Every structure is written in C-alpha cells, then in structure tokens.
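Number of protein chains: 4
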Amino acid sequence: MSLAELTTRLRDFAKARDWEQFHTPKNLAMALSGEAGELLSLFQWLTPEQAMRAMSDPDLAASIEDEIADVFIYLTRLADVLDVDLVKVANAKVDRNETRFPPKPEGA
Amino acid sequence: MSLAELTTRLRDFAKARDWEQFHTPKNLAMALSGEAGELLSLFQWLTPEQAMRAMSDPDLAASIEDEIADVFIYLTRLADVLDVDLVKVANAKVDRNETRFPPKPEGA
Amino acid sequence: MSLAELTTRLRDFAKARDWEQFHTPKNLAMALSGEAGELLSLFQWLTPEQAMRAMSDPDLAASIEDEIADVFIYLTRLADVLDVDLVKVANAKVDRNETRFPPKPEGA
Amino acid sequence: MSLAELTTRLRDFAKARDWEQFHTPKNLAMALSGEAGELLSLFQWLTPEQAMRAMSDPDLAASIEDEIADVFIYLTRLADVLDVDLVKVANAKVDRNETRFPPKPEGA
Numbered sequence: 046m047s048l049a050e051l052t053t054r055l056r057d058f059a060k061a062r063d064w065e066q067f068h069t070p071k072n073l074a075m076a077l078s079g080e081a082g083e084l085l086s087l088f089q090w091l092t093p094e095q096a097m098r099a100m101s102d103p104d105l106a107a108s109i110e111d112e113i114a115d116v117f118i119y120l121t122r123l124a125d126v127l128d129v130d131l132v133k134v135a136n137a138k139v140d141r142n143e144t145r146f147p148p149k150p151e152g153a
Numbered sequence: 046m047s048l049a050e051l052t053t054r055l056r057d058f059a060k061a062r063d064w065e066q067f068h069t070p071k072n073l074a075m076a077l078s079g080e081a082g083e084l085l086s087l088f089q090w091l092t093p094e095q096a097m098r099a100m101s102d103p104d105l106a107a108s109i110e111d112e113i114a115d116v117f118i119y120l121t122r123l124a125d126v127l128d129v130d131l132v133k134v135a136n137a138k139v140d141r142n143e144t145r146f147p148p149k150p151e152g153a
Numbered sequence: 046m047s048l049a050e051l052t053t054r055l056r057d058f059a060k061a062r063d064w065e066q067f068h069t070p071k072n073l074a075m076a077l078s079g080e081a082g083e084l085l086s087l088f089q090w091l092t093p094e095q096a097m098r099a100m101s102d103p104d105l106a107a108s109i110e111d112e113i114a115d116v117f118i119y120l121t122r123l124a125d126v127l128d129v130d131l132v133k134v135a136n137a138k139v140d141r142n143e144t145r146f147p148p149k150p151e152g153a
Numbered sequence: 046m047s048l049a050e051l052t053t054r055l056r057d058f059a060k061a062r063d064w065e066q067f068h069t070p071k072n073l074a075m076a077l078s079g080e081a082g083e084l085l086s087l088f089q090w091l092t093p094e095q096a097m098r099a100m101s102d103p104d105l106a107a108s109i110e111d112e113i114a115d116v117f118i119y120l121t122r123l124a125d126v127l128d129v130d131l132v133k134v135a136n137a138k139v140d141r142n143e144t145r146f147p148p149k150p151e152g153a
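Which chain is which? The protein sequence lines are V, X, E and B, in order.
Each residue of the first sequence is one higher than the last, beginning at 46 in this note's numbering.
Each residue of the second sequence is one higher than the last, beginning at 46 in this note's numbering.
Each residue of the third sequence is one higher than the last, beginning at 46 in this note's numbering.
Each residue of the fourth sequence is one higher than the last, beginning at 46 in this note's numbering.
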C-alpha cells in the first residue's frame, strides 16, 4: 500500500462513520499531538541505551508500532483535510535545511 | 519522490552532518512531540471556522506546511531508526479499527 | 496544603521509591509533555461549547482533574530538580507580558 | 506572591485585554501542550548528563525558566476557567499513588 492509498483509506474510513465533522484541522492537530505524547511516554523512563534496544522487547515494540501508527494516521488525515502533500513539503523543508545546515566537511 | 526515497534522503542528511549520535529513538520522539506542539500552537487561538480556512491565508499556510514537514521528518527518521514501516503499521492499525469501530449503518 | 508543601511531598515520594534516578530534567520534561497530551485528548473531539461544559459531566470532570493533577505533579517535580520557583518565574513572565501586550484601552 | 494571587493576576490580565473569549478550556489545553512541547525541545538533543547541568548555562537556564513559566501560566489559567484547585487535585492524586505504588522497603 502506498501513502496515497492510505490517505484514501483513512478518508473513506472517516466518511463511513460520519466522523468528518470531528476531523477539523484544529481537532486533528490536537489528536496528533496527543498521540505524539503517548509515544513519548513509552520512552520517558528509559535510559538512552534501553531506548535503543526498545524494539527487541516484543511487548514494547508492539506498543511503539501502535503509537507510531496513530501519529501517522492523524498526520495523514490532517494533511488530507488541509490538502497538503506530506512528502512534497518534507522534501522542500530538507532543501531549505541543506542550506541552513551545510554538511560537515570531510575530515573535520 | 516516494516515502522510501525521503527516508533515505533524511538518513543521508543526518549521516553527512554526524547527527546520527543525536537521532536516538528517545530524542527523536521528543523532537516529534515538540514539533507537533508547534503545529498545535498555530491553531490554538483560532475558532473552528478560522482553522478550516487556515490554508487560504498564505503566511499561515506556509507556517502550517513548515510545521507539518517537521513533524513528518522526525516521524520518518524515528520510524527509520526503529526499523518500522510507517504505511504498514498504519494500515494494520486501520484494520484493527475497522473491527473496533464498525461503520455507521446506511440510513442511520 | 501549599505549593511548597506539595513540592516537598513529591520529593519525599520519589525518594522513598528510589525514583530520583528516573526524575532527570529530560525525563520529567517528557513526562510533563506526555501528560499534557493526555489532557489534550480529553478535549479533542469536543466542540468549544461542549468543552466549556466539560466539568458538568462527573466522569469527564474526574478525568480532567486527574490529568491536570499529573501535569502539575510533573511540572512541580521538574521545577524542584531544576531549582526553579514556579510562581516567581511565572510572575516575572507576566511582568514582561504587561509590556509586550499593553491592555486594551477603555472604550476601544 | 502565592498561587492564589498569581491566578487572580492572570485572570485580570486576560480580562484587561479582552482575551477571555480565547481562553476556553479547549484552547488553553492546546496552549499548555504547545508550551510543554517548547520546553521539551530545549532538552531534546542533550545527553542526560548535559540536561542535568542545564541550569549552569545562563542562556539555557533563562530559556528553561521562560518555558516553565509559560507552561505554568497556561496550567493556572486552565485550572481557573475549569474551577479546579491545582494543589488539591495534585495532592489527591499523590494520595492515590501512595496506594498504587507502595514505597520501597528499607534495605531492599
């Protein structure tokens, strides 16, 4: 499945449940931030080393995938209702970041 | 550009700046949540109606696209360092949501 | 109970459980943001009008009080480990805001 | 200044600027979460050790105090508009946590 197909699937999912009324930009930005907070909470008491190995714990890995999925779902919905192309705007931002943060010179 | 190509571009960008040391799962989850908070702040004082029309204001639209880009960039990086396939886990979550939230019956 | 007494109670609570090792500034900032996200999620699908009446629903009111408590607990802990006086820094910020945002003139 | 006095000051500040219309529970929960995200961003690239020493860097300390102030200001405003007593609900939550998380036995 592509990102475009996921976008359409999520749009149809909301429509079939009459949830479009709730999926306003303001509400979706809140839902996105709330899910990012839940993802954060999975890492908050871990040392950096424990966080690195998080995916080797099956239960924790499942929780992380679940929260990442929720963040991505709301981000995709928000981008859809605002008519924003996620990959395009991210790519344009990396273009700007190339200028703002020149790469480290070889041998530095 | 595809999501796979964006993932690779972001990985190369971090590597060229020696930023891989900062891009731990814990730090990236923080950066993601911080950017989601910045996106949120663009909508916080708007009425639902103003938020709906946000993209018709060129300056606000540019800020929204910029923050959405940042959220997506950190989400893509986090998924990459954790070896999570964004579209796959989102799709699996929608499968589960289909069961949890059956669609509204026709005519209801 | 005063804020000073709450601060001491929370410090003793962490110490008695050997949790001081987890209560680093970085981890507490994460916990604070995660709890702010949970509070946010209680309001995300409500209309502005429903959100205004939230405290008249006993179950929702209990959830809101619970999340506000968690946010305040982590904020108090974070301020304690950083040796920041919450009321003092907030008051100093309002002083600065008085200058940045002059009050609306009478009759305007 | 006490927390009660800060609450009154913030209420008067909003009233004098005709900002009560913006200070709905939903909007204040968003502002709180957004500021928590900004606080988070100050710690995101620091190692745990660097984060521990954050207050010894005067510029970083000023930024941290500023963001903690913003979080506390919005939390105080939110509690005020919802008629929630911050210290009381936090204290009640610690009462419940005493039961959920018994202290570590001496010598364990």
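Built from N, CA and C at the ideal position, the CB exists for glycine as well.
Remember, predicted model here, so these are calculated numbers, not experimental data.
Q: Return the residues of the stretch 73 to 87 of chain V that lie within a Cβ-Cβ distance of less than 8 Å from chain E, sorted by chain order.
A: Residues of the stretch 73 to 87 of chain V whose Cβ lies closer than 8 Å to any Cβ of chain E, in chain order: 75, 76, 78, 79, 80, 81, 82, 83, 85 and 86.
Q: Compare the C-beta of residue 61/X against all C-beta atoms of chain V and say whether one is closer than 8 Å.
A: yes
Q. Using a C-beta to C-beta distance shorter than 7 Å, which residues of chain V count as neighbours of residue 110/X?
A. By Cβ distance, chain V contributes 129 and 134.
Q. Secondary structure at residue 102/V, three-state DSSP: helix, strand or coil?
A. Note: residue 102/V maps to coil in three-state DSSP.
Q. Pick from 94/X, 103/X, 126/X and 82/X: whose alpha carbon is nearest that of residue 113/X?
A. 82/X
Q) Using the C-alpha atoms, what's the distance from residue 57/E back to residue 132/B? A) 16 Å
Q | Proximity below 8 Å, CB of residue 125/E to CB of residue 55/E | A | yes
(Q) Along the chain, where does the alpha helix (DSSP H) containing residue 71/B start, and where does it finish? (A) 70 to 88
Q | Closest by C-alpha distance to residue 137/V, when choosing among 88/X, 62/X, 107/X and 68/X | A | 107/X
(Q) Would residue 105/V pass as an interface residue toward chain X - the criterion being a Cβ-Cβ separation below 8 Å? (A) For residue 105/V, the answer is no, since every Cβ of chain X falls outside 8 Å of its Cβ.
Q. Thinking just about the alpha-carbon of each residue, which of 86/E, 88/E, 79/E and 87/E is nearest to the one in residue 85/B?
A. 79/E
Q. Quick one: does residue 150/X have its CB under 8 Å from some CB of chain E?
A. no
Q) Between residue 46/B and residue 69/E, is the Cβ-Cβ spacing less than 8 Å? A) no
Q.
Whole angstroms are fine: how far does the CA of residue 110/B sit from the CA of residue 130/E?
A. 9 Å
Q) Rounded C-beta distance between residue 65/X and residue 59/X? I'm assuming under 8 Å. A) 5 Å
**Q.** Buried or exposed (CB count within 10 angstroms, at least 16 for buried), residue 149/E
**A.** exposed
Q) Going along the chain, which residues of its own chain have a beta-carbon closer than 6 Å to the beta-carbon of residue 140/B, five neighbours each way excluded? A) Taken in chain order, the list of residues that qualify is empty.
**Q.** Whole-number beta carbon distance between residue 74/E and residue 105/E, since they are thought to touch under 8 Å
**A.** With a Cβ gap of about 27 Å, residue 105/E and residue 74/E do not count as contacting.
(Q) For a cutoff of 8 Å on Cβ pairs, would you count residue 67/B as touching chain X? (A) yes
Q.
I want to see whether chain E comes within less than 8 Å of residue 56/B, judged by CB atoms only; does it?
A. no
Q.
Can you pull out the residues from the stretch 87 to 103 of chain X whose beta carbon lies closer than 9 Å to at least one beta carbon of chain E?
A. 92 and 93
**Q.** Endpoints, alpha helix (DSSP H) assigned at residue 134/B
**A.** 131 to 145
Q. Short check: CB of residue 89/B to CB of residue 72/X, under 8 Å?
A. Residue 89/B places its beta carbon less than 8 Å from that of residue 72/X.
(Q) If you follow the alpha helix (DSSP H) that residue 46/X is in, where does it begin and where does it stop? (A) Unbroken run through residue 46/X: none, as it is neither H nor E.
Q) Could one say the Cβ of residue 115/X lies closer than 8 Å to chain V's Cβ atoms, at least one of them? A) yes
**Q.** residue 93/B: first and last residue of the uninterrupted alpha helix (DSSP H) it sits in
**A.** In the DSSP annotation of this structure, the continuous segment of the alpha helix (DSSP H) that includes residue 93/B starts and ends at 93 to 97.
(Q) In this structure, how does DSSP classify residue 110/X when only helix, strand and coil are distinguished? (A) helix
Q.
So for residue 63/V, helix, strand or coil by DSSP?
A. In the structure shown, residue 63/V adopts coil according to DSSP, grouped into three states.
Q | Neighbourhood of residue 76/E by C-beta, 6 Å cutoff - its chain only, sequence neighbours within 5 removed | A | 119
Q. What three-state label does DSSP hand residue 115/E in the structure shown?
A. helix
Q: Compute the Euclidean distance between the alpha carbons of residue 115/E and residue 92/X, then round it to the nearest angstrom.
A: 28 Å
**Q.** residue 128/X (DSSP reduced to helix, strand or coil)
**A.** DSSP places residue 128/X in coil when its eight states are reduced to three.
Q: Return the Cβ separation of residue 121/B and residue 52/B in integer angstroms, given the expectation that the two are a contact with Cβ distance under 8 Å.
A: Confirmed, Cβ separation roughly 5 Å.
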